[in-house]
Amino acid sequence: MTTRTDYCGRLDTSDVGRVVTVCGWVARRREHGEHLAFIDLRDRTGVVQCVVDGAADLRNEYVVAVTGTVRERPEGTVNPELATGRVEIGDTTVEILNPSDPLPFQIDSRVEVDETIRIRHRYLDLRSERMQRNMRLRARVNSAIRRAMEAQEFVEIETPMLIASTPEGARDFVVPSRLQPGSFYALPQSPQLFKQLCMVGGIDRYFQLARCLRDEDLRADRQFEFIQLDMEMSFADGADVRAVISEAVAAAVEEVTGTRPPSFPEITWQEAMERFGSDKPDTRFGMELVELTEVFADTGFNAFKAPSVKGIRVPGGASLGRNKLDQLTDRVKSWGAKGLVWIKVGDAGQVTSPVAKFLSETEVAGLLAATGAEAGDIIYLVADEWRTVVRILGLLRLELGRPPVTEGGLDFLWVTDFPLFEDIDENGTPVSAHHPFTMPGAEYVDGLAEAAGDPEKLLAMTSQAYDLVLNGWELGSGSVRVHRADIQNAIFSLLGIGPEEAQAKFGFLLDAFRYGAPPHAGFAFGIDRVVAILAGEENIREVIAFPKTQSGADPLTHAPTPIDPAQLDELGLRLLPPKS
RNA sequence: GGUCCCGUGGUGAAGUCUGGAGUUCACGCCGGCCUGUCAAGCCGGAGGUCGCGGGUUCAAAUCCCGUCGGGACCGCCA
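582 is the number that this note's numbering gives the last residue of the first sequence; the numbers go up by one with no jumps.
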């Protein structure tokens, strides 16, 4: 085979006169009769025009080596759209290294190809400029993060993929054991427990670009398997962790954009919920939630006689028709709201609403003042329990105002002081918001036992847990961990986990903690998500080389597939008949 | 478990609401012409189980039911 001397996209006028050999795929041909044709040859760096004597035996996507002389293009034929547009390769000989059948879809971006077809033929899709760019961007982000962590004296440690199933958290992927039929490994949802063991082991600063697996439903920002920057550090608090992560993320952003982002603002979970109705607020746009409970404190309108009333104002939203508003109301109800009240503001400040007749003049005036509504605006209101109100309006805010991923810049945000417990179950037992090794807020550490059985106190307790949010996507979360047995026992007690159960579930961690566990804290954030946003993609599949569909299937390899009965037999497994 | 949207030559779309001959557009593919194009151009051609199954009807891409596949979302994701 002819030896390549140059990459297509790197030739320029400084190469004029050189005899070069470039290798790649025929991206396009332009024939001008029997003895003149232009070939755009594509490799990973771009395309270059080759002038050939007839191209009758060349077809799109043939793999060829072209040898010829780099020359400046004749006057008037320079293509300013092309990086190599000032030059071309002439006096060429073409060696066909491999022909190609016509492709199932075109590589160029002239038409948006159905994503299933792209994934089924991902080896072709990867040739596209978009996928080349995304894959290389991802590699640069990985590299920048690794360098930033190493510069901060973190050591990369690999943790096992075949681990014990733990009952908490997401649904595990499980792997049957051949040597111990009837027993199973789980694939890690994260290296959580191992990295804490690393702290006990004196590693001091651990990191890993860790593959994590969770058997939960897939979404635009969720695949079964994903990569996290996972880290843990000893003798450190939450602020230390946030500084380290901020540095790594800033390094990644700088690598991609050339600009270092400003330091990331921090708000508490409580503030995020009050203002944005979300623990992962998209702060690229306004439309914040407006507190209206006081305005309607003495209302005669039954629907507003609720613990909490809030609204959001959409500037210029009054032009929405009745049909659209009904659809929106249905949508909001599907999220679990009792209903959605809308109020339009007219030119003279008068309000139009199905419920206008139930509202007093004072209430309307208070509403307009609180929301700052102007003529042409629409206000949506929800009244219910506080948690429901903020959740519904948070979803509605995104539905109505969320910009495309490529607009509004990069809005990083730390959300701190998450609640320690997210709910109380029907037995009166609190449910961990993060995981049971999360350190409570400093002011609650000594009062854990007294809070038992008091839902109000339990739900008011914060934890030293924090999330990193980018443009409304949760990039990741972390916390200060409990390293003291007395605090851990108090939390287990609140969660209704007795000593035997704790030992059964997390025994090896608790054992390790008896031998001098240092105070430690950590974090993990999703590489796929940050890369997608940096790449301007709405979907992490676009930054994953071989992704799965929403139903968890791989159109390329057809996974998952049934397995041979002999394999099942070896594992001591038998299939149940399919559910009808 | 649930809601919504999509499925039409190789690719992308229109046609579906309001039933009437597989109709249209762009790209690609095949052949011809063409010596400076670059999303080349011009001429000609091939290519279809309108996802699948059932129903309604004189007649279904179109209406109804079911099903499969894809997507967005709710639940789920400590």
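Quick reminder that beta carbons are idealized off the backbone N, C-alpha and C, glycines included.
DSSP, reduced to helix, strand and coil, places Tyr-517 outside both helices and strands of the structure shown, so it counts as coil. For the pair Ala-252 and Arg-262, the Cα-to-Cα distance works out to about 6 Å.
Put simply, the stretch 337 to 353 does not touch the stretch 414 to 426. Fewer than three CB pairs are less than 8 Å apart. Around the beta carbon of Tyr-64, 16 or more other beta carbons sit within 10 angstroms, so the residue counts as buried.
Per DSSP, Met-233 is one residue of the beta strand (DSSP E) stretching across 227 to 236. The Cβ atoms of Leu-291 and Leu-369 do not sit closer than 7 Å to each other.
Using a 10 angstroms sphere on the CB of Asn-136, the tally of other CB atoms reaches 16 or more, which defines it as buried. In this structure, the straight-line span from the alpha carbon of Leu-231 to that of Asp-419 is close to 22 Å. DSSP, reduced to helix, strand and coil, places Ile-269 within a strand of the structure shown.
Taking the Cα of Gly-48 as reference, the smallest distance to any Cα among Val-22, Val-66, Gly-11, Ser-102 is reached at Gly-11. In the same chain as Leu-397, and ignoring 5 residues on each side of it, the C-beta atoms closer than 6 Å to its own belong to Trp-337, in chain order. For Ala-141, the enclosing alpha helix (DSSP H) stretches over residues 131 to 153. By the C-beta criterion, the stretch 221 to 228 is judged not to be in contact with the stretch 508 to 517, since fewer than 3 inter-stretch pairs fall below 8 Å. Contact between the stretch 60 to 74 and the stretch 103 to 123 is present, with at least three C-beta pairs closer than 8 Å. When the five nearest sequence neighbours on each side are left out, the beta carbons in the same chain lying within less than 6 Å of the beta carbon of Glu-540 are those of Val-407, in order along the chain.
Here Gly-87 carries a coil assignment [DSSP, helix/strand/coil].
The alpha helix (DSSP H) runs of length 4 or more contained entirely in the stretch 330 to 410 are, from start to end of the chain, 363 to 373, 388 to 403.
The residues Asp-223, Trp-475, Leu-477, Ile-542, in chain order, have a CB closer than 7 Å to that of Arg-531 in the same chain once the five nearest residues on each side in sequence are set aside. Within its own chain, the residues whose Cβ lies closer than 7 Å to the Cβ of Gly-313, once the five positions on either side in sequence are excluded, are Val-292, Leu-294, Thr-373, Ile-381, Tyr-382, Leu-383, listed in chain order. In this structure Thr-161 is buried. Its beta-carbon is surrounded by 16 or more other beta-carbon atoms within 10 angstroms.
The residue from Thr-440, Asp-556, Ala-462 with its alpha-carbon nearest to that of His-123 is Asp-556. The residue among Gly-518, Ala-526, Thr-440, Asp-332 with its C-alpha nearest the C-alpha of Phe-494 is Thr-440. Beyond the five residues adjoining it in sequence on each side, Val-545 comes within less than 7 Å, by CB distance, of Asn-136, Arg-140, Asp-530, Val-533, Ala-534, Ala-537, Glu-539 in the same chain, given in chain order. Closest in C-alpha terms to Lys-282, from the list Arg-393, Glu-218, Ala-568, Pro-356, comes Arg-393. Using a Cβ distance threshold of 7 Å, Phe-266 and Phe-414 count as a contacting pair.
A Cβ-Cβ distance of about 17 Å is found for the pair Arg-483 and Gln-210, leaving them out of contact under the 8 Å criterion. Straight across, the Cα-Cα distance linking Gly-449 with Ala-245 is about 29 Å.
CA-CA distance, Leu-570 to Arg-180, rounds to 10 Å.
Burial state of Val-18 is exposed, judged by a 10 Å Cβ sphere holding fewer than 16 other Cβ atoms. In this chain, the alpha helix (DSSP H) harbouring Cys-200 covers 194 to 202. Listed as beta-bridge partners of Phe-423 by DSSP are Ser-434. In the three-state DSSP reduction, Lys-459 falls in the helix class (H, G or I).
With fewer than 16 neighbouring CB atoms inside 10 Å of its own CB, His-34 falls in the exposed class.
Counting along the chain, the unbroken alpha helix (DSSP H) around Asp-242 starts and ends at 240 to 259. Just measuring C-alpha positions, the residue of Glu-74, Arg-216, Thr-285, Gly-319 sitting nearest Gly-411 is Thr-285. Contact between Ala-305 and Ile-147 is absent: CB atoms are separated by about 50 Å, not below the 8 Å threshold.
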